[in-house]
Each structure stands twice: as C-alpha cells, then as structure tokens.
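*Asks:* Could you have a look at this structure, given as structure tokens, before my questions?
Protein chains: 2
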Amino acid sequence: MTLYFNLAELLGSRIEQGLYRPGQRLPSVRALSVEHGVSLSTVQQAYRLLEDNGLVSPRPKSGYFVAEDRLLPALPDISRPAQRPVDISQWEQVLELVRATPHPDVIQLGRGMPDVDSPTLKPLLRSLAQISRRMDMPGLYYDNIHGNAHLREQIARLMLDSGCRLGPSDLVVTTGCHEALSCSIRAVCQPGDIVAVDSPSFHGAMQTLKGLGMKALEIPTDPITGISLEALELALEQWPIKLIQITPSCNNPMGYIMPEARKKALLTLAQRYDVAILEDDVYGDLAYTYPRPRTLKSFDDDGRVLLCSSFSKTLAPGLRVGWVAPGRYLERVLHMKYISTGSTACQPQLAVADFIAEGHYQPHLRRMRSQYQRGRDLMCDWVTRYFPPGTRASRPQGGFMLWVELPESFDTLRLNRALLEQGVQIAVGSIFSASGKYRNCLRMNFAARPTAQVEAAVRKVGETALRLLDAERTGG
Amino acid sequence: MTLYFNLAELLGSRIEQGLYRPGQRLPSVRALSVEHGVSLSTVQQAYRLLEDNGLVSPRPKSGYFVAEDRLLPALPDISRPAQRPVDISQWEQVLELVRATPHPDVIQLGRGMPDVDSPTLKPLLRSLAQISRRMDMPGLYYDNIHGNAHLREQIARLMLDSGCRLGPSDLVVTTGCHEALSCSIRAVCQPGDIVAVDSPSFHGAMQTLKGLGMKALEIPTDPITGISLEALELALEQWPIKLIQITPSCNNPMGYIMPEARKKALLTLAQRYDVAILEDDVYGDLAYTYPRPRTLKSFDDDGRVLLCSSFSKTLAPGLRVGWVAPGRYLERVLHMKYISTGSTACQPQLAVADFIAEGHYQPHLRRMRSQYQRGRDLMCDWVTRYFPPGTRASRPQGGFMLWVELPESFDTLRLNRALLEQGVQIAVGSIFSASGKYRNCLRMNFAARPTAQVEAAVRKVGETALRLLDAERTGG
Chain A
1 MTLYFNLAEL LGSRIEQGLY RPGQRLPSVR ALSVEHGVSL STVQQAYRLL
51 EDNGLVSPRP KSGYFVAEDR LLPALPDISR PAQRPVDISQ WEQVLELVRA
101 TPHPDVIQLG RGMPDVDSPT LKPLLRSLAQ ISRRMDMPGL YYDNIHGNAH
151 LREQIARLML DSGCRLGPSD LVVTTGCHEA LSCSIRAVCQ PGDIVAVDSP
201 SFHGAMQTLK GLGMKALEIP TDPITGISLE ALELALEQWP IKLIQITPSC
251 NNPMGYIMPE ARKKALLTLA QRYDVAILED DVYGDLAYTY PRPRTLKSFD
301 DDGRVLLCSS FSKTLAPGLR VGWVAPGRYL ERVLHMKYIS TGSTACQPQL
351 AVADFIAEGH YQPHLRRMRS QYQRGRDLMC DWVTRYFPPG TRASRPQGGF
401 MLWVELPESF DTLRLNRALL EQGVQIAVGS IFSASGKYRN CLRMNFAARP
451 TAQVEAAVRK VGETALRLLD AERTGG
Chain B
1 MTLYFNLAEL LGSRIEQGLY RPGQRLPSVR ALSVEHGVSL STVQQAYRLL
51 EDNGLVSPRP KSGYFVAEDR LLPALPDISR PAQRPVDISQ WEQVLELVRA
101 TPHPDVIQLG RGMPDVDSPT LKPLLRSLAQ ISRRMDMPGL YYDNIHGNAH
151 LREQIARLML DSGCRLGPSD LVVTTGCHEA LSCSIRAVCQ PGDIVAVDSP
201 SFHGAMQTLK GLGMKALEIP TDPITGISLE ALELALEQWP IKLIQITPSC
251 NNPMGYIMPE ARKKALLTLA QRYDVAILED DVYGDLAYTY PRPRTLKSFD
301 DDGRVLLCSS FSKTLAPGLR VGWVAPGRYL ERVLHMKYIS TGSTACQPQL
351 AVADFIAEGH YQPHLRRMRS QYQRGRDLMC DWVTRYFPPG TRASRPQGGF
401 MLWVELPESF DTLRLNRALL EQGVQIAVGS IFSASGKYRN CLRMNFAARP
451 TAQVEAAVRK VGETALRLLD AERTGG
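Sequence order for the protein chains is A and B.
First residue of the first sequence: 1, per the UniProt record's numbering; consecutive thereafter.
First residue of the second sequence: 1, per the UniProt record's numbering; consecutive thereafter.
In structure tokens form, the structure reads like this:
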C-alpha cells in the first residue's frame with residue numbers, strides 16, 4: 001500500500017505545484033517504474049489513484065495526462081474585519097450549532113466532524129476494547145497531570161514530521177484541542193487583554209476568548225497566504241496585544257497553508273514585539289501534501305509558541321484526546337489544566353498511544369488525506385454547479401472544510417433556518433467573526449464519503465440560496 | 001443480597017445513633033426474623049456483616065451484643081482560619097501530589113482514589129469493551145454539548161435519592177467533577193470576586209479559585225456539623241461574597257455530614273444575602289447510612305444552588321465522567337463547558353449510563369459503603385495505636401478520607417518528605433487551606449482493602465511523626 005501511495009502523492013503534488021500543466025502528458029508507466037525503482041503495477045496503481053482523485057485522465061493508447069482545469073469558484077478577497085479590539089458576540093449561533101445531536105434525517109454539513117467510518121480506524125476500536133479487558137484496568141485510574149507518558153512519547157515522535165523536536169515532558173495531554181486552547185489562553189492572558197486573531201477564525205477559539213473576558217482584534221487574512229503580516233504589524237504597534245492566536249496550517253475555516261517564509265516572518269514579528277503565539281494545528285496532519293507543513297513551533301527558539309492540537313480531526317472527536325506543547329508557559333498551563341479537568345480520560349489516551357505505536361497512524365492519514373482531497377474537488381465542483389453565480393470559495397490545501405462567500409447582502413442565518421426544514425445544516429459565517437461579520441458566508445464539511453445524498457444536500461444549499469437571493473431582489 | 005444488607009444497615013444506623021448502647025444485648029435472630037418478615041438465615045447474614053464491620057460481637061449461647069466502644073482519637077476543634085479574603089497559595093504542594101504517577105513501590109495514602117478492584121465494577125468494564133465493538137461506533141462521535149441524553153436520564157433518576165427532582169435537561173455532563181466546579185465558579189464569579197469556603201476545603205476547588213483569580217474567605221468549620229453558620233453570617237454582612245463553595249455531605253477532607261436542619265438554614269442565609277451556592281457532592285453517595293443524605297439542592301426553590309458531582313469516587317476517576325445541575329446558571333455553565341473542553345469523551349459516558357440502567361450501581365455502592373466504613377474503623381484504630389499521643393482525627397460518616405491533626409508546632413511537609421523515602425505518600429494539610437494553614441494536619445485515604453501492607457504504611461506515618469516530634473522536642 002505504501003509504495004503506490006507515496007508515488008501518487010509525489011506526482012499529485014507536482015501537478016498541484018504546476019510542474020505538470022493541465023492537459024500535459026505525464027511520464028510513461030515504464031519511465032516512472034525505472035525512475036523510482038518500483039514495479040509497473042505499482043505505477044499503474046498510483047495512476048489509478050490519481051485518476052480516482054480527478055487529477056489525471058487516461059487516454060487510450062497514449063498514456064496518462066494531467067486533467068484539464070476544472071472550473072473553480074473565484075477566491076474570496078482578503079478579509080476586512082473591524083480593526084479594533086472588540087468584545088466577542090455570536091454565542092447564541094454557536095450554541096445552536098453545538099447543541100445539535102447527530103440525527104439520521106439531518107445532513108450536518110456544519111460541524112467539524114471527520115469521517116470515522118474508515119476501515120483504517122478498526123485497530124483503534126480493537127485497542128479500546130482490549131484495554132477494557134486488561135486485568136490491571138489502566139482505564140480506571142487517575143493519570144499523571146501531564147497525561148499518559150506512552151502517549152506523549154508517540155506524539156513527540158509524530159511531531160518530528162512538522163519539524164518539532166519535542167520531548168514527552170514538553171507536552172500536556174488535554175481533553176481535546178478545546179482544552180489545549182483554553183488552558184493556553186489562560187496561561188498567557190488576563191481578562192481584558194487583547195488577542196490578535198486571523199479572520200475568519202475558528203468559533204470555538206473565539207468563544208473561549210469571550211468566555212475568559214478577552215477582547216479580539218481581527219486581522220485581515222488572505223485566503224491563500226493567511227494572516228496579513230503588514231496589518232498585524234500595524235496592530236502590534238497600535239495596541240498592547242498579549243497573544244496572537246492563529247491556525248496557520250490547513251486553516252479552519254479557509255483551508256490555506258501559510259507559506260513557510262511567512263511563518264518565519266510572523267515569528268520574527270512576535271519576537272520583536274515580545275508577544276506569545278497560540279498555534280492551533282488541529283488540521284495540520286491533514287495537509288494534502290507530504291511531508292506535512294512545518295509548524296510555527298518548529299522555528300520557535302525562545303519558547304513563545306504554544307502549539308495546540310488533538311486527534312479529533314485525524315482520528316475521532318469523541319475520544320477527546322488533545323495536547324499542548326506550551327513552551328515557556330508549561331508550569332502555568334499545568335495549573336490551568338489541573339483546575340479545568342484535573343486529568344484526561346485514560347482509556348482513549350491508551351488506545352491512541354497503541355494505535356500510533358503499532359504503526360496504524362500514517363496509513364490512516366494517507367487514506368484520509370486522499371479522501372478529503374477528492375472531497376474538496378467534488379465540493380468545489382458542486383458549488384460551481386449549484387450555487388448562485390458570483391459565489392466565491394476557498395481553495396483548501398488540507399482538512400475537510402470549504403468556506404463559501406455569497407453576495408455581500410446575503411444572510412446565511414436565514415439560509416440556515418430555511419435549510420433545517422429540509423434536513424441540512426451548515427455553519428453560518430458570522431460565528432467565525434468576533435463581531436458578527438461574514439454574515440454572507442458559510443462553511444461546509446466535505447469529510448463524508450461523497451454520496452448522492454451529500455451531493456443532494458449541497459445542491460439544496462445552493463438552490464435555497466438562489467431562491468432567497470431572487471426573493472431579495474424582487475423585494476420578497 | 002439486598003435483604004440482609006438492608007437489615008444490617010438498619011441495625012447499624014440504630015447502633016450509630018445510640019439506640020443500642022455499647023455492650024447492650026441486641027434482639028434475637030428469631031425476634032428480628034418475625035419483626036422484619038425475613039428468614040432466620042437473612043438475619044444471621046446481617047449480623048455477620050455487622051460483626052465484620054466491628055459493630056457487634058457474638059457471645060456464645062447468649063446472642064449478639066453491641067461492640068464495646070472502641071478507643072477513638074479525639075476530634076479536632078472547630079477550625080480557626082484567617083477571617084479575611086486571601087489570595088490562594090500552595091500550588092506547588094498540590095502539583096507535587098497530582099504529578100505523582102501510580103507506582104507499585106509507593107503506597108499513596110494521599111490521593112482521592114477509590115478502590116476500583118471491586119468485582120461489582122466488572123459490568124462497567126464489560127460495557128466499555130462492548131461499546132468499542134458496536135458497529136455504529138458511538139464512542140467516536142461528538143456528543144451534544146449537554147452530554148449523552150441516556151446518561152443524564154440515569155443521573156436524574158439516581159438523584160431522587162438525595163431529594164432532588166431534576167430532569168435530564170437540567171444537567172450538563174462534564175470531564176470529572178473538576179470541570180463541573182470550574183465551569184460553575186466561572187458561571188457565577190468574575191476575577192477578584194470573594195468566595196466563601198468551608199475550611200479545611202478540597203485543594204482542587206481552592207486551586208480552581210486561584211487559577212480563576214478569585215479570593216477565598218475561609219469560614220470556621222466544625223468537624224461534626226460543618227461550616228459555622230454564625231461565622232458565615234458575619235462574613236456575609238462584612239464582605240461582598242458572590243458564592244459559597246461547600247461540600248456538606250461526606251465532606252472532603254473531614255468526612256462529616258452537615259445535619260439537615262443546618263443545610264436548610266444555610267440555604268435561608270444564602271437567600272437572605274442573595275448569594276449562589278456551589279455544592280460539591282462528589283462523595284455524597286458514599287454516606288455509610290442509607291438512604292443517603294439530602295443535598296442542599298433538594299431544598300433549593302429558586303435555582304441558586306449549582307450541584308456538582310461525578311462518578312470518580314463512586315466508580316472510577318479514570319473515566320472522567322462528572323456532571324453539574326446548575327439551576328438558574330444553566331446557560332452560563334453551558335458556555336463555560338463549551339470553551340473548557342467542547343464536549344466530554346463519549347465512551348465512558350455510555351458505559352456509565354449502561355452500568356446504572358442495568359441496575360449495577362446500587363449493589364456496587366452498598367458494597368463500597370460497607371468496605372469504606374470498615375476501612376474507617378481500622379484507620380481510626382491504627383491512628384490510636386501508632387500515632388503520637390494527643391493526635392486528633394475526624395470521624396467520617398461517608399467517603400474514604402481521614403483528617404488527622406498533630407500537635408500545633410508539627411510540620412507535615414517535613415513528614416511527607418521523610419515518608420516518600422520510605423515509599424509512603426500522604427496529603428499535607430496546608431493544601432486544604434487557601435493561606436497555607438493546617439500545616440500540622442494531613443489526610444489519609446482508607447479506600448484500599450485493608451492489608452498488612454496498608455497497615456504498615458499507616459504505622460510508618462505515625463512512627464515517623466513520633467520520631468520527628470521527638471527530634472523537635474530535643475531540638476534536633
């Protein structure tokens with residue numbers, strides 16, 4: 001499985017990078033076999049995978065060609081949030097989203113739920129069951145406040161891929177990334193402090209700022225390169241910012257990966273103004289390219305980056321296994337972790353540790369990356385096909401979220417209400433802003449295996465939006 | 001099993017209440033059989049259980065007699081903490097306690113760990129394993145922010161025993177009682193606010209106040225009747241108190257159960273001064289008498305009591321399944337829960353729900369109550385036997401913690417250090433005070449089945465204390 005996957009990823013990333021252009025002929029099966037020292041059938045498998053992903057198309061007797069450019073929705077412009085610190089609102093809309101219990105009659109395009117049906121997750125379930133049968137019942141005891149030592153070793157090993165050299169004692173296990181975020185924010189900030197955030201930004205992190213009494217300063221953000229360093233620098237000059245909270249790799253909700261040079265420049269800026277950085281990397285392992293992008297943390301030489309992540313997006317959210325590498329804030333984060341939940345549930349920690357140690361994590365990731373990439377392509381196609389003309393959309397480089405921008409005057413809150421009657425749920429754009437901007441935007445999840453049912457749901461979103469827009473234009 | 005247990009409990013509570021005095025002859029087996037409509041062997045089983053618990057002793061051919069008064073350590077005096085709001089200290093000592101990883105060579109008398117080896121917990125482990133094998137994989141999904149609905153139904157049913165009429169929608173599931181406490185405090189208080197606490201008080205709750213920036217006002221507390229209402233009233237007159245944080249049933253660390261009349265009076269006081277009450281009931285189900293004591297919440301008619309609990313003491317702490325009934329603060333608590341951990345790990349919730357629904361909870365509690373009561377009796381005996389003369393100790397009515405008071409000048413921090421070298425760990429008294437009082441006190445756990453090894457550990461504590469006291473007296 002590994003060989004052809006690796007080859008497909010290599011070719012896929014060359015196509016994505018434009019080394020092979022749309023319509024161009026790709027190297028022959030024989031040439032690739034010689035070049036990479038793999039069998040002919042391995043190359044054929046790799047091409048078939050790329051074909052499944054819509055990246056190449058075979059022409060009889062001529063070989064494989066890069067697929068012609070798909071029609072893609074235009075990108076949103078760089079965001080223009082209010083450039084002053086604001087008190088965060090929108091809790092009611094977030095509550096509506098997170099109160100929803102999974103229901104077979106509702107397609108939940110709104111939530112940050114990965115696909116947990118993959119057969120590559122089977123060993124995790126096996127491990128969960130085995131732990132319950134062990135005579136020493138490790139799942140029942142209190143854990144050390146740092147979290148399970150075996151799990152922390154595995155996480156430290158995984159993070160080498162992102163350029164981080166961490167030891168198990170640099171890590172604190174948390175109840176999902178949520179707890180990592182709130183402990184980190186509380187370790188650095190006091191109520192009333194100003195936190196700079198990329199914008200749009202994950203609603204959970206923003207509500208955490210709200211709940212802790214911080215003010216958010218939303219920084220303009222580009223849908224391809226991420227937070228505007230120019231705007232950020234202006235803000236750092238103007239305001240006493242304590243913390244920069246950011247999701248630079250496989251951003252939620254936009255899906256961009258901030259280029260490495262900009263990551264380094266961001267860190268330099270933080271050093272110059274002596275500000276801490278909270279780096280949310282929860283989708284980072286789901287970048288469509290391999291090796292995965294480097295973290296800000298990997299460039300951090302004075303411990304100012306608090307790197308937060310979890311297995312909620314890569315494995316399953318119900319496990320609630322997250323972690324934080326808090327750098328110089330370790331002691332403060334430990335205190336915050338202690339008062340927040342005491343310790344983290346044991347059995348899920350042990351199962352995740354086993355899953356990684358037994359070598360199941362990377363094959364699972366490979367499969368999910370490829371599935372999500374295909375999901376993105378289909379979702380973009382559907383938006384082009386079913387959404388009102390002029391609709392813009394992000395171009396995710398990882399993860400499983402698409403950010404969609406409708407005309408300026410549009411209200412996705414109304415859209416969501418109309419959709420719920422039809423059994424479809426989306427995430428409204430306003431919850432991704434501290435001050436309720438992005439009312440004309442929405443976020444959709446493309447993690448689920450693409451079925452006719454999912455396509456029909458996306459179609460309903462587009463057609464309902466069209467109907468509401470028409471009604472608006474005719475004053476209805 | 002139920003019949004003889006019930007009878008033993010009834011007789012035991014009559015003895016505890018003094019209806020039968022030490023040395024007095026108890027009703028004959030035949031008389032009890034007729035009176036209660038049970039078989040002779042049921043009565044005999046009941047008497048044998050009471051004998052095991054040291055409450056009665058058989059005399060050949062004469063029947064059963066109430067056991068002669070055991071020599072008990074004297075009770076501590078009512079506590080005299082500093083009666084002004086203070087910033088909370090002692091984090092370093094708490095961290096030392098919670099950083100300790102279970103180790104086979106160390107007897108941890110210091111931690112709040114129940115006995116999880118009981119065969120009555122087997123169905124819980126079975127259920128944890130079964131959930132992992134279910135095809136719909138409920139353990140992997142995000143849960144509703146309130147927590148699993150089935151579990152909340154079961155909790156609502158259990159709480160009827162404490163006089164509470166709660167519906168599932170009145171409850172929020174949390175990651176252990178810790179999260180219930182911190183969400184509750186944050187729902188009511190702002191940083192800088194004053195919180196009145198019983199004293200000594202659970203270190204976790206106190207550290208939560210510290211981490212959230214509150215000040216603690218420690219109220220004198222009686223080792224039998226709990227927080228002094230007179231002192232509390234004075235404090236309420238003098239200070240702008242926002243919240244009363246209290247563990248009235250099976251108090252940690254003292255083990256008392258506040259009498260019902262005083263619970264009602266406390267609530268009246270809170271109403272008069274319009275203050276919220278955080279009621280920590282995490283040991284409440286482990287009262288040695290049945291039915292369990294009523295909660296403050298059960299008398300609350302205007303929603304000012306936030307009742308917090310978990311299954312960490314009754315089942316197992318590694319599950320991290322707690323809950324809160326926040327009364328009028330429900331919406332605020334939901335927000336705090338969301339920002340704290342998003343949602344609670346699913347599989348342990350489902351397993352606990354099954355365990356209760358299938359009828360395993362009450363038999364398990366009966367067994368643990370009886371084991372812990374016997375543990376208390378033995379621990380008190382050991383303190384009498386091995387500790388320095390003049391040592392005082394609490395008289396727990398539930399739970400598995402003993403509070404021990406050594407002479408005024410003694411320093412249990414030094415004792416703990418000396419003990420760690422001998423493979424024994426205690427909880428030092430100072431962590432149970434906001435301002436580091438109770439330096440001459442310690443807390444020991446008597447949950448573990450009483451073995452020679454445990455007795456040897458307690459003996460080491462007493463003998464090391466004696467040695468340090470002697471050295472102190474001779475100026476060493």
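Note that the Cβ used here is the ideal one computed from N, Cα and C, for glycine as well.
Check each residue of the segment 123 to 135 of chain A: if its Cβ is closer than 7 Å to any Cβ of chain B, include it; give the result in chain order.
*Replies:* Residues passing the 7 Å Cβ filter: 125, 128, 129, 132, 133.
*Asks:* Along the segment 341 to 359 of chain B, where does the CB come closer than 9 Å to a CB of chain A? Name the residues.
*Replies:* The segment 341 to 359 of chain B vs chain A, Cβ under 9 Å: 341, 342, 343, 344, 345, 346, 347, 348, 351.
*Asks:* Whose CA, out of 77/A, 54/A, 76/A, lies closest to the CA of residue 66/A?
*Replies:* Residue mapping note: residue 66/A aligns to position 66 of the first sequence, counting from 1. Residue 66/A has its Cα closest to that of 54/A, out of 77/A, 54/A, 76/A.
*Asks:* Between the segment 275 to 288 of chain A and the segment 244 to 256 of chain A, do three or more beta carbon pairs fall short of 8 Å?
*Replies:* Short answer: they touch.
*Asks:* If you draw a straight line from the C-alpha of residue 365/B to the C-alpha of residue 158/A, how long is it?
*Replies:* Reading the second sequence from its first residue, position 365 is the one you call residue 365/B. Reading the first sequence from its first residue, position 158 is the one you call residue 158/A. Each residue's alpha carbon lies about 43 Å from the other.
*Asks:* If you draw a straight line from the alpha carbon of residue 42/A to that of residue 349/B, how long is it in whole angstroms?
*Replies:* Here residue 42/A is taken as the residue at index 42 of the first sequence, counted from 1. Here residue 349/B is taken as the residue at index 349 of the second sequence, counted from 1. Using only the alpha carbons, I get a separation of about 45 Å.
*Asks:* Might you give, ordered along the chain, the residues of its own chain that have their beta carbon closer than 6 Å to the beta carbon of residue 94/A, omitting 5 neighbours on each side?
*Replies:* Taking the first residue of the first sequence as position 1, residue 94/A is located at position 94. 203, 207, 431, listed in sequence order.
*Asks:* So, does the CB of residue 245/A fall closer than 7 Å to a CB anywhere in chain D?
*Replies:* Absence of chain D from the displayed structure is noted, the protein chains being A and B.
*Asks:* If you measure from the beta carbon of residue 1/A to each beta carbon in chain B, is any gap under 7 Å?
*Replies:* In the first sequence, counting from the first residue as 1, residue 1/A sits at position 1. The pLDDT assigned to residue 1/A is 48, lower than 50, so where the model puts this residue is not dependable; a value taken from the coordinates is nonetheless given after this. So no, residue 1/A is outside the interface.
*Asks:* Could you tell me how far apart the beta carbons of residue 403/A and residue 254/A are, in whole angstroms, since I believe they sit closer than 8 Å?
*Replies:* Working through the first sequence from its first residue, we reach residue 403/A at position 403. Working through the first sequence from its first residue, we reach residue 254/A at position 254. Between residue 254/A and residue 403/A the Cβ distance is about 5 Å, and since that is below 8 Å, they are a contact.
*Asks:* Touching or not, the segment 78 to 95 of chain A and the segment 108 to 125 of chain B, by the rule of three or more beta carbon pairs under 8 Å?
*Replies:* Judged by Cβ distances under 8 Å, the segment 78 to 95 of chain A makes no contact with the segment 108 to 125 of chain B, as fewer than three pairs qualify.
*Asks:* For chain A, is any of its Cβ atoms less than 7 Å away from the one on residue 459/B?
*Replies:* As a working mapping, residue 459/B is identified with position 459 in the second sequence. By this cut-off, residue 459/B is not an interface position.
*Asks:* Let me make sure I understand the geometry here. Which of 346/B, 142/B, 331/B, 103/B has the alpha-carbon closest to that of residue 176/B?
*Replies:* Residue mapping note: residue 176/B aligns to position 176 of the second sequence, counting from 1. Answer by Cα proximity: 346/B.
*Asks:* So the candidates are 324/B, 394/B, 437/B, 102/B; which of them puts its Cα closest to the Cα of residue 169/B?
*Replies:* Position 169 of the second sequence holds residue 169/B. Ranking the options by Cα distance to residue 169/B, first place goes to 324/B.
*Asks:* To the nearest angstrom, how far is the alpha carbon of residue 256/A from that of residue 225/A?
*Replies:* Within the first sequence, residue 256/A is the residue found at index 256, counting from 1. Within the first sequence, residue 225/A is the residue found at index 225, counting from 1. For residue 256/A and residue 225/A, the distance between alpha carbons rounds to 7 Å.
*Asks:* Flag residue 445/A as yes if its beta-carbon sits less than 7 Å from any beta-carbon of chain B, otherwise no.
*Replies:* As a first step, residue 445/A is located in the first sequence; it is residue number 445 there, counting from the start. For residue 445/A, the answer is no, since every Cβ of chain B falls outside 7 Å of its Cβ.
*Asks:* Taking the CB atoms as reference points, tell me whether residue 214/A and residue 198/A lie closer together than 7 Å.
*Replies:* Looking up residue 214/A in the first sequence gives position 214. Looking up residue 198/A in the first sequence gives position 198. No, the Cβ-Cβ distance between residue 214/A and residue 198/A is not below 7 Å.
*Asks:* Please tell me whether residue 307/A and residue 295/A are closer than 7 Å, where the distance is taken between their beta carbons.
*Replies:* As a working note, residue 307/A is residue 307 in the first sequence. As a working note, residue 295/A is residue 295 in the first sequence. Against a cut-off of 7 Å, the Cβ pair of residue 295/A and residue 307/A comes out as a contact.
*Asks:* Using a C-beta to C-beta distance shorter than 7 Å, which residues of chain B count as neighbours of residue 204/A?
*Replies:* Residue mapping note: residue 204/A aligns to position 204 of the first sequence, counting from 1. By Cβ distance, chain B contributes 342.
*Asks:* Between residue 1/A and the rest of its own chain, which residues show a CB-CB distance below 6 Å, the 5 nearest in sequence each way excluded?
*Replies:* Working through the first sequence from its first residue, we reach residue 1/A at position 1. Here residue 1/A scores only 48 on pLDDT, less than 50, and its place in the model is too uncertain to base an answer on.
*Asks:* Within 7 Å (strictly less), CB to CB, does residue 451/A reach chain B?
*Replies:* Locating residue 451/A in the first sequence gives position 451, where the first residue counts as 1. Answer no: the Cβ-Cβ gap between residue 451/A and chain B never drops below 7 Å.
*Asks:* Assuming residue 102/A contacts residue 141/B (C-beta within less than 8 Å), just tell me the rounded distance between them.
*Replies:* Here the question's residue 102/A lines up with position 102 in the first sequence. Here the question's residue 141/B lines up with position 141 in the second sequence. Sure, about 6 Å apart at Cβ, within 8 Å.
*Asks:* By a C-beta neighbour count over all protein chains shown, 10 Å radius and 16 as the cutoff for buried, is residue 409/A buried or exposed?
*Replies:* Taking the first residue of the first sequence as 1, we reach residue 409/A at position 409. Exposed is the call here.
*Asks:* Within 10 angstroms of the Cβ of residue 216/B, are there 16 or more other Cβ atoms? Answer buried if so, exposed if not.
*Replies:* Here residue 216/B corresponds to residue number 216 of the second sequence, with the count starting at 1. Residue 216/B is buried by the Cβ-count criterion.
*Asks:* Comparing C-alpha positions only, which one of 434/B, 355/B, 271/B, 315/B sits nearest to residue 447/B?
*Replies:* Sequence index remark: in the second sequence, residue 447/B carries index 447 (1-based). Comparing Cα-Cα distances from residue 447/B to each of 434/B, 355/B, 271/B, 315/B, the minimum goes to 315/B.
*Asks:* Count the C-beta pairs between the segment 147 to 156 of chain B and the segment 350 to 360 of chain B that are closer than 8 Å, then say yes if the count reaches three, no if not.
*Replies:* As far as the Cβ criterion goes, the segment 147 to 156 of chain B touches the segment 350 to 360 of chain B, which means the pair count is three or higher.
*Asks:* Compare the C-alpha of residue 438/B against each of 14/B, 52/B, 13/B, 80/B and name the closest.
*Replies:* Sequence index remark: in the second sequence, residue 438/B carries index 438 (1-based). The residue with the shortest Cα to Cα distance from residue 438/B is 80/B.
*Asks:* Of all the residues that make up the segment 172 to 185 of chain A, which are near chain B by a beta-carbon distance shorter than 7 Å?
*Replies:* From the segment 172 to 185 of chain A, only 175, 176, 178, 179, 182 have a Cβ closer than 7 Å to chain B.
*Asks:* What does residue 145/B touch in chain A if you count any residue whose Cβ is under 7 Å from its own?
*Replies:* Here residue 145/B refers to the residue found at position 145 when the second sequence is read from its first residue. Result: 98, 99.
*Asks:* Enumerated in chain order, which unbroken segments of the beta strand (DSSP E) with a length of 3 residues or greater are wholly contained in the segment 142 to 200 of chain A?
*Replies:* Segments of the beta strand (DSSP E) lying fully in the segment 142 to 200 of chain A: 172 to 174, 194 to 198.
*Asks:* List the endpoints of the continuous alpha helix (DSSP H) containing residue 91/B.
*Replies:* Here residue 91/B refers to the residue found at position 91 when the second sequence is read from its first residue. First-last of the alpha helix (DSSP H) with residue 91/B: 91 to 99.
*Asks:* Quick check on DSSP: helix, strand or coil for residue 474/A?
*Replies:* Within the first sequence, the letter at position 474 stands for residue 474/A. Three-state DSSP puts residue 474/A in coil, outside helix and strand.
*Asks:* Using DSSP's beta-bridge definition, name the partner residues of residue 118/A.
*Replies:* One-based indexing of the first sequence puts residue 118/A at position 118. According to DSSP, which records beta bridges pairwise, residue 118/A is partnered with nothing at all.
*Asks:* Check this for me: beta carbons of residue 406/B and residue 391/B, under 7 Å apart or not?
*Replies:* As a working note, residue 406/B is residue 406 in the second sequence. As a working note, residue 391/B is residue 391 in the second sequence. A contact, by the Cβ cut-off of 7 Å.
*Asks:* Within 10 angstroms of its Cβ, does residue 174/A collect 16 or more other Cβ (buried), or is it exposed?
*Replies:* Taking the first sequence and counting its residues from 1, one reaches residue 174/A at position 174. Buried is the call here.
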